[in-house]
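Here the structure comes first, spelled out in structure tokens, and everything after it is commentary.
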């Protein structure tokens with residue numbers, strides 16, 4: 001395949017991933033979108049979810065991101081993520097525990113602002129659990 | 001004249017001081033390397049964020065409907081200063097030069113009849129500014145990046161600033177920090193972070209790199225911008241904290257290097273005096289013996 005997309009995954013603390021790939025599927029805030037070479041330039045928000053990296057028509061890597069932004073041009077796809085973690089490294093039990101804790105916090109939350117904050121965290125934790133449930137790519 | 005015993009004690013104490021300063025220097029050097037690596041690692045995100053913002057801002061500025069964070073409140077009456085210093089001393093003029101600059105800025109703004117509010121990061125800055133301007137301090141942070149500076153620390157500060165801005169508690173926010181130039185030179189820098197000003201350079205650079213990049217936005221650009229700007233604020237603060245951390249270690253390294261060298265000089269001088277005194281004693285004793293023998 002001649003046409004590849006330069007995929008970059010960046011967190012505030014470091015550059016996590018930079019490689020040419022055939023396709024990436026990014027969980028946009030308005031729905032998942034796949035990026036192939038020659039995609040129209042676009043800037044989108046990213047919701048908590050999993051980025052699928054394709055090599056040919058096989059998923060070679062799955063990375064969980066906790067929201068962020070994506071910039072797409074014809075030749076590259078840059079994802080600025082707040083938190084990112086390969087799906088294979090997610091600790092399932094830990095995430096379940098976190099969800100349980102956050103659910104309690106939600107019940108205890110007093111102000112609307114507090115509630116919104118906990119809800120946002122809960123959404124991230126749930127998305128992370130979904131990511132584990134879907135599993136790592138089969139090699 | 002000090003006795004031999006005194007001199008010996010003195011030399012031993014200077015030697016142990018030298019050991020401490022040279023150990024501190026080495027610790028600072030390794031911390032400096034780590035801090036530099038961290039600053040380096042944070043660069044890609046900031047760059048890409050800048051690029052994205054520049055293209056977004058271009059679009060939004062055209063229709064003049066940017067969010068408050070970018071357009072400002074239309075006034076500069078209330079000024080917020082974020083002063084970044086270290087928690088620990090023994091790092092030369094690092095904190096002193098920051099505090100001096102902060103004092104000068106506060107005086108200038110007060111003289112212009114502005115209201116000034118101060119936020120400090122680091123114990124040293126807080127203590128010194130509190131002496132003169134205790135009433136101006138609205139918030140202080142300590143132990144930021146005690147072990148390792150994380151993005152979450154910067155995010156916490158940014159969130160607080162954002163809340164204050166939303167509540168209309170200030171109009172312009174400026175951060176004062178030491179920018180890392182090299183291990184021996186740090187530059188005191190004032191940088192306005194709220195309202196966010198798109199650097200003309202960054203905008204044209206982005207435009208020239210991709211001439212035909214007309215972006216689609218998903219969702220609306222205002223909505224993205226509203227999310228992106230607070231994030232950018234966190235990034236700017238994170239960057240300032242990283243620069244400051246690297247500068248602190250650089251300054252400490254230089255200061256401790258000087259201290260080690262001074263201790264070395266002092267040891268040499270004291271050793272010389274010690275030897276002279278010892279010889280003088282010996283000579284004196286010899287003279288006593290010889291003159292005693294001659295008398296017989």
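Protein chains in written order, with the working numbering: chain A, 1 to 139; chain B, 1 to 296. Even for Gly, the Cβ is constructed at its ideal location relative to N, Cα and C. All values derive from a computational prediction rather than experimental measurement.
So is residue i buried or exposed if we call it buried at 16+ other beta carbons inside 10 Å?
i: residue 47 (chain A); result: buried
i: residue 165 (chain B); result: buried
i: residue 89 (chain A); result: exposed
i: residue 219 (chain B); result: exposed
i: residue 247 (chain B); result: buried
i: residue 211 (chain B); result: Here residue 211 (chain B) scores only 44 on pLDDT, less than 50, and its place in the model is too uncertain to base an answer on.
i: residue 110 (chain A); result: exposed
i: residue 95 (chain B); result: buried
i: residue 282 (chain B); result: exposed
i: residue 128 (chain B); result: buried
i: residue 93 (chain A); result: exposed
i: residue 146 (chain A); result: In the structure displayed, chain A extends from 1 to 139; residue 146 (chain A) sits before or after that span and is not available.
i: residue 284 (chain B); result: exposed
i: residue 251 (chain B); result: buried
So, does the CB of residue i fall closer than 8 Å to a CB anywhere in chain C?
i: residue 133 (chain B); result: Of the protein chains in this structure, namely A and B, none is chain C.
So residue i packs on residue j, CB below 8 Å; how close in whole Å?
i: residue 274 (chain B); j: residue 8 (chain B); result: 7 Å
i: residue 229 (chain B); j: residue 52 (chain B); result: Actually they do not touch by this definition, with Cβ atoms about 11 Å apart.
i: residue 266 (chain B); j: residue 32 (chain B); result: Actually they are not in contact, since the Cβ atoms of residue 266 (chain B) and residue 32 (chain B) sit about 26 Å apart, beyond 8 Å.
i: residue 121 (chain B); j: residue 174 (chain B); result: Between residue 174 (chain B) and residue 121 (chain B) the Cβ distance is about 14 Å, and since that is not below 8 Å, they are no contact.
i: residue 193 (chain B); j: residue 233 (chain B); result: 6 Å
i: residue 270 (chain B); j: residue 11 (chain B); result: 5 Å
i: residue 131 (chain A); j: residue 33 (chain A); result: So it is not a contact: roughly 18 Å between Cβ atoms.
i: residue 50 (chain A); j: residue 134 (chain A); result: 7 Å
i: residue 79 (chain A); j: residue 67 (chain A); result: Going by Cβ atoms, the distance from residue 79 (chain A) to residue 67 (chain A) rounds to 10 Å, so no, they are not a contact pair.
i: residue 176 (chain B); j: residue 105 (chain B); result: 7 Å
Run through DSSP, which three-state label would residue i get?
i: residue 155 (chain B); result: helix
i: residue 248 (chain B); result: helix
i: residue 169 (chain B); result: coil
i: residue 117 (chain A); result: helix
i: residue 181 (chain B); result: strand
i: residue 263 (chain B); result: helix
i: residue 96 (chain A); result: helix
i: residue 243 (chain B); result: helix
i: residue 54 (chain A); result: strand
i: residue 87 (chain B); result: coil
i: residue 15 (chain B); result: helix
i: residue 75 (chain B); result: coil
i: residue 150 (chain B); result: coil
i: residue 9 (chain A); result: strand
i: residue 161 (chain A); result: Residue 161 (chain A) is absent from the model: chain A starts at 1 and stops at 139.
i: residue 193 (chain B); result: strand
i: residue 108 (chain A); result: helix
i: residue 115 (chain B); result: strand
i: residue 82 (chain A); result: coil
i: residue 36 (chain A); result: coil
Spatial neighbours of residue i within its chain, please: CB distance less than 6 Å, with the 5 preceding and 5 following residues excluded, ordered by chain position.
i: residue 289 (chain B); result: none
i: residue 54 (chain A); result: 22 and 23
i: residue 22 (chain B); result: 260
By Cβ distance below 7 Å, which residues in the same chain neighbour residue i in space, the five residues on each side in sequence not counted?
i: residue 238 (chain B); result: 42, 151 and 154
i: residue 245 (chain B); result: 35, 145 and 149
i: residue 181 (chain B); result: 187
i: residue 249 (chain B); result: 28, 31, 32 and 35
i: residue 25 (chain B); result: 253, 256, 257 and 260
Between the C-alpha atoms of residue i and residue j, what's the straight-line distance to the nearest angstrom?
i: residue 83 (chain B); j: residue 3 (chain A); result: 49 Å
i: residue 108 (chain A); j: residue 81 (chain A); result: 29 Å
i: residue 50 (chain B); j: residue 59 (chain A); result: 31 Å
i: residue 17 (chain A); j: residue 10 (chain A); result: 7 Å
i: residue 90 (chain B); j: residue 101 (chain B); result: 19 Å
i: residue 159 (chain B); j: residue 111 (chain B); result: 30 Å
i: residue 71 (chain A); j: residue 126 (chain A); result: 25 Å
i: residue 178 (chain B); j: residue 99 (chain A); result: 41 Å
i: residue 294 (chain B); j: residue 287 (chain B); result: 10 Å
i: residue 126 (chain B); j: residue 55 (chain B); result: 38 Å
i: residue 42 (chain A); j: residue 38 (chain B); result: 30 Å
i: residue 256 (chain B); j: residue 185 (chain B); result: 14 Å
i: residue 268 (chain B); j: residue 3 (chain B); result: 17 Å
i: residue 27 (chain B); j: residue 16 (chain B); result: 17 Å
i: residue 83 (chain A); j: residue 223 (chain B); result: 21 Å
i: residue 215 (chain B); j: residue 87 (chain A); result: 30 Å
i: residue 93 (chain B); j: residue 57 (chain B); result: 39 Å
i: residue 6 (chain B); j: residue 14 (chain B); result: 12 Å
i: residue 157 (chain B); j: residue 7 (chain A); result: 31 Å
i: residue 262 (chain B); j: residue 62 (chain A); result: 57 Å
Quick one: what's got a C-beta closer than 8 Å to residue i's C-beta in the same chain, skipping five residues either side?
i: residue 122 (chain A); result: 99, 102, 103 and 106
i: residue 172 (chain B); result: 72, 76, 78, 79, 80, 192, 194 and 195
i: residue 45 (chain B); result: 235
i: residue 278 (chain B); result: 4
i: residue 5 (chain A); result: 20, 21, 22, 23, 24, 35, 36, 37, 39, 75, 76 and 77
i: residue 13 (chain A); result: none
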